[in-house]
Amino acid sequence: MIRPRTPRREQLGEFLFARRRTTSRSALGLPLTARRGDAGLTREEVATLAGVSGSWYTWLEQGRDINVSRQVLAAVARVLGLTSVETEYVFALAEQESAEPAPEREAVPDHLQRLVDALDFPAFIVATDWAIAGWNARYAWLYPRIATLDEADRNLLWLVYTDPELREMLPDWERDSRRFLAEFRAEAGVRLATPRHRAIVERLRAASDDFRVQWAELEILRFASRRRMFRHREAGLLAFEHHRLVPSDASDLHVVMYVPVTT
């Protein structure tokens with residue numbers, strides 16, 4: 028019987044394929060190849076090293092809906108040298124399709140908007156697809172266009188790749204955009220198979236060459252608070268600490284805060 032494919036399993040297979048093609052052979056004690064040198068394993072080699080059948084691993088990489096245990100998937104992750112964040116991402120994608128994400132809320136709760144309004148530094152609220160759902164006056168000062176954008180364009184990922192003004196604000200756009208995209212993929216996880224998330228990804232694929240190149244890299248990183256620099260047209264170069272909080276009563280929303288750094 029031919030195993031059916033599912034969107035989440037195809038996403039998993041795409042990721043495993045990409046990591047297999049870049050895995051170091053010498054790190055696993057395998058000989059180099061004439062064609063690719065040290066980079067890349069065959070499906071059969073991954074299956075053998077992970078202790079699974081070649082057909083099972085082939086089905087897994089093809090996105091087939093097969094039974095997958097965490098123990099066996101952990102063995103595959105070990106062979107491919109996945110990080111802990113990448114392994115968590117793989118585990119989530121391998122869960123049964125019945126475990127669907129909760130529905131997206133349509134509006135920001137009033138008390139959450141009041142919270143960001145009370146802050147005297149830039150802050151905004153994003154949904155799981157990184158749509159900007161709310162912001163305060165200081166964020167509007169930092170990025171004035173936010174107030175006049177069409178709702179469809181009010182998405183942080185969309186703006187990073189398509190708005191020249193925002194790109195100009197980021198002194199190291201190349202680094203920041205890649206970091207954002209890796210965090211987005213890690214956070215979205217299984218939601219990438221939902222219509223809302225597929226829509227923003229496909230829209231960006233059509234609009235941005237940079238996005239297409241970086242999306243194909245399949246990088247995954249967990250968010251970490253860090254120092255960020257912005258180039259403001261009036262105030263010049265500004266330094267902030269970039270933080271993010273997840274409200275306990277609205278965990279599908281994130282509050283992003285730029286706390287000024289004075290030293």
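Just so we're aligned, residue 28 is where the sequence shown starts under the working numbering, counting upward by one. Note that the Cβ used here is the ideal one computed from N, Cα and C, for glycine as well. It should be emphasised that the depicted structure is a prediction, and the values quoted were computed from it without experimental measurement.
Counting every other CB atom within 10 Å of its CB across the protein chains shown gives residue 182 a total of 16 or more, marking it as buried. Here residue 137 is exposed, its C-beta having fewer than 16 other C-beta atoms within 10 Å.
Here residue 269 has 252, 253, 255, 285 as same chain residues with Cβ atoms under 7 Å from its own Cβ, once five neighbours each way along the sequence are excluded.
Classified as buried, residue 91 has 16 or more neighbouring CB atoms from the shown chains inside 10 Å of its CB. In this model, residue 162 and residue 79 are separated by some 50 Å (Cα to Cα).
Under DSSP, residue 148 forms no beta bridge with any residue. One thing to note: residue 172 has its Cβ within 8 Å of the Cβ of residue 192.
Here the stretch 218 to 235 makes no contact with the stretch 260 to 275; the two share fewer than three CB pairs at distances below 8 Å. Separation of the CB atoms of residue 40 and residue 119 is rounded to 14 Å, and the pair is thereby denied contact status at 8 Å. Inter-residue distance for residue 121 and residue 76 is about 20 Å (C-alpha atoms, whole angstroms). With respect to the 8 Å criterion, residue 280 and residue 139 are classified as neighbours on the basis of their beta carbons. Bounds of the beta strand (DSSP E) holding residue 159 are 159 to 162. Unbroken beta strand (DSSP E) runs of no fewer than 3 residues, entirely contained in the stretch 90 to 117, are not found. Here the alpha carbon of residue 151 sits roughly 45 Å from the alpha carbon of residue 74. Burial state of residue 50 is buried, judged by a 10 Å Cβ sphere holding 16 or more other Cβ atoms. Residue 258 counts as exposed, since fewer than 16 other beta carbons sit within 10 angstroms of its beta carbon.
Distances from the alpha-carbon of residue 188 to those of 175, 54, 200 put 200 closest. Secondary structure at residue 250: coil, using DSSP grouped into helix, strand and coil. Sequence-distant partners of residue 67 (beyond 5 residues in either direction) whose C-beta falls short of 6 Å from its own C-beta, in its chain, are 48.
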